[in-house]
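Presented below is the structure to which this report refers.
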Amino acid sequence: MNKVSKFVLGLLLFNGVSAVGGGIALMTALIPEQPTWVEHTDFSSLYFPGVILLAIVGGSSLFAASAMIKRIAGWQLASILSGVIMIVWIVAEIASIRAFHFLQAIYLVTGVAVIWWTRTADHTGSSEQRGLQ
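Quick note: the sequence shown uses the UniProt record's numbering, first residue 1, plus one each step.
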């Protein structure tokens, strides 16, 4: 696995593990619920957003990481899709809670980075040979 692939794998694992942890925290109220967070949504609590964060956002990143590690054909598509899901989640979160937190910027950047760097990641080292270290 080349350096770019390791970087993408690290991003996928970071996004996946932190989304699963965040989802659990929302579902179990480890993060104190703010009434304004659901005020402009159809959700009455943070439980269902926590399920979405855990299963879809976190699950897609962990699935892509697993597919990459196992070298399953199509792992790049799974990786790019997980980046898109992260970006959509963050944009929807900002729009629904009508507030911005610095962590949202971090996850927006990691989502974009997954999409961008997946294009050059591979397991053969050929991107390193092209000077894309």
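The C-beta atom is built at its ideal place from N, Cα and C for all residues, glycine as well.
Owing to the predicted nature of the structure, the values given are computational and were not obtained by experimental measurement.
task = Tell me, to the nearest whole angstrom, how far the beta carbon of ALA67 is from that of ALA55; I am working on the premise that it is less than 8 Å.
result = Taking a contact as a CB-CB distance under 8 Å, the pair ALA67 and ALA55 does not count as one, their CB atoms being some 17 Å apart.
ask   = Buried or exposed: THR110, going by 16 or more other Cβ atoms within 10 Å of its Cβ?
value = Burial of THR110 is indicated by the presence of at least 16 other C-beta atoms within 10 angstroms of its C-beta.
ask   = Is PRO32 helix, strand or coil when you go by DSSP?
value = Residue state, collapsed to three classes: coil.
query = Cα separation between GLN104 and TRP116?
reply = Distance between the alpha carbons of GLN104 and TRP116 is about 18 Å.
Contact the stretch 89 to 100 vs the stretch 36 to 50: 3+ CB pairs below 8 Å = Of all C-beta pairs linking the stretch 89 to 100 to the stretch 36 to 50, three or more are shorter than 8 Å, placing the two stretches in contact.
ask   = How is the alpha helix (DSSP H) around ALA73 delimited, first residue to last?
value = First-last for ALA73: undefined, no H or E at that position.
message = Along the chain, where does the alpha helix (DSSP H) containing THR41 start, and where does it finish?
response = Neither: THR41 is in no alpha helix (DSSP H) and is coded neither H nor E.
Nearest to ILE85 (by Cα), restricted to the options THR120, LEU108, LEU26 and GLU33 = Relative to the Cα of ILE85, the nearest Cα in the group THR120, LEU108, LEU26 and GLU33 belongs to LEU108.
ask   = Can the beta-carbon of ILE80 be found closer than 8 Å to that of VAL112?
value = For the pair ILE80 and VAL112, the CB atoms are not nearer than the 8 Å cut-off.
key: Residue burial classification, GLY131 (beta-carbon count within 10 angstroms, cutoff 16)   = Residue placement at GLY131 cannot be trusted, given a pLDDT of 45 that sits under 50; what the coordinates show is reported in the next sentence. The residue in question, GLY131, is exposed, as its Cβ has fewer than 16 Cβ neighbours within 10 Å.
query = How about ALA19 and SER61: do their beta carbons lie closer than 8 Å?
reply = Yes; because the gap between Cβ atoms is below 8 Å, this pair is in contact.
key: Among ALA65, MET27, VAL57 and GLY58, nearest to TYR47 - alpha-carbon criterion   = Comparing Cα positions, the closest option is MET27.
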